[in-house]
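This report refers to the structure that appears directly beneath it.
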Amino acid sequence: MSKKALLVVLVLLVAMTASVYAASMGSIGLVNYASLSDLEEDDSSAYVPGIRGEFFLSDYLGISADALVLASWEDYYGDTSYLMMYIIDVVARIPLGLIEPYAALGPVYLGYITEEDTYTDEDSFGFNVRGGVDFNILDWLSVGIEANYFVDDLEYFFDNTDYYFSEEGVRESALIGVTAKFKF
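Numbering-wise, the sequence shown is residues 210 to 393 according to our numbering.
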């Protein structure tokens, strides 16, 4: 089959299935991220797991909240501590039926959780931009792939955009993720 014919078939499939799945009003799911360098080195132990909840105010606009575990360790006494990342995003999506591209933007907070207390400081604030595609397997289940780009200092980012968009900057600031969501 030629590339043009394949493209026409894919466009027709998307167009025909657009009415099959109604846009969900919310979802809860799992996310798993890895940095580009970890993926290239095939380091499967360096993944970043998390959970995500989403609520959509319309078919196209919503909010999401993520909680990611960046690291965990056990101290001398056996107490476990966690380095957490909390993300709150405004999400824009295009519900096309079987596929659902989206983009999101929002603040990021870092914090530590110990068995006794939680800690954050004023330097633990940043921003993120993410984009991805969900594949709606069933009307209540989707899997997806996304890229998440983090910036911890906006002034530094705008003064050094050449670095942030260089290969090294992308490796340092971006995570690639897979998602699994239950939609309602």
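Even for Gly, the Cβ is constructed at its ideal location relative to N, Cα and C.
Just so it is clear, the structure is predicted and the values come from calculations on it, not from any experiment.
Does D362 come out as helix, strand or coil in the three-state DSSP assignment? coil
What are the residues that DSSP puts in a beta bridge with A276? I260, Y295
Going by beta-carbon coordinates alone, are L292 and A280 separated by less than 9 Å? yes
Ignore the nearest five residues each way along the sequence and tell me which others in S236's own chain have a CB closer than 8 Å to its CB. R261, G262, E263, S351, K390, F391, K392, F393
Verify whether the separation of the beta carbon atoms of E309 and F344 is less than 9 Å. A contact, by the Cβ cut-off of 9 Å.
Excluding five sequence neighbours on each side, which residues of the same chain lie with their C-beta closer than 6 Å to the C-beta of E355? The residues are R339, G341, G386.
Below 8 Å, how does it come out for the segment 290-305 and the segment 239-256: are there three or more Cβ pairs, yes or no? No, because fewer than three Cβ pairs between the segment 290-305 and the segment 239-256 fall closer than 8 Å, the two stretches do not touch.
Taking the alpha-carbon positions, what's the D362 to N369 distance? 11 Å
Between D326 and V317, what straight-line distance do the alpha-carbon atoms span, to the nearest angstrom? 20 Å
Buried or exposed: where does F367 fall if 16 or more other Cβ atoms within 10 Å of its Cβ makes it buried? Around the CB of F367, fewer than 16 other CB atoms lie within 10 Å, so the residue is classed as exposed.
Can you tell me which of F336, A301, G315, G353 puts its alpha carbon nearest to the alpha carbon of L266? A301
Assign Y242 to one of two classes, buried (16 or more other C-beta atoms within 10 Å of its C-beta) or exposed (fewer than that). buried
Y311 vs Y321 beta-carbon contact at 9 Å: For the 9 Å CB-CB criterion, Y311 and Y321 do not form a contact.
For L239, does the three-state DSSP call read helix, strand or coil? strand
Quick one: give me the first and last residue of the alpha helix (DSSP H) that G378 is part of. 376-382
For Y333, which of helix, strand or coil comes out of DSSP? Residue identity differs from the one stated: residue 333 is Ser in this sequence, not Tyr. The DSSP-derived three-state label of S333 is helix.
Beta-carbon spacing of Y373, V360 below 9 Å: yes
Would you kindly check if the distance between the Cβ of D348 and the Cβ of A231 is under 9 Å? yes
V240, buried or exposed, once every other Cβ within 10 Å from all chains shown has been counted against 16: That one is buried.
Determine the direct distance from the alpha carbon of A383 to that of E249, and round the result to whole angstroms. 13 Å
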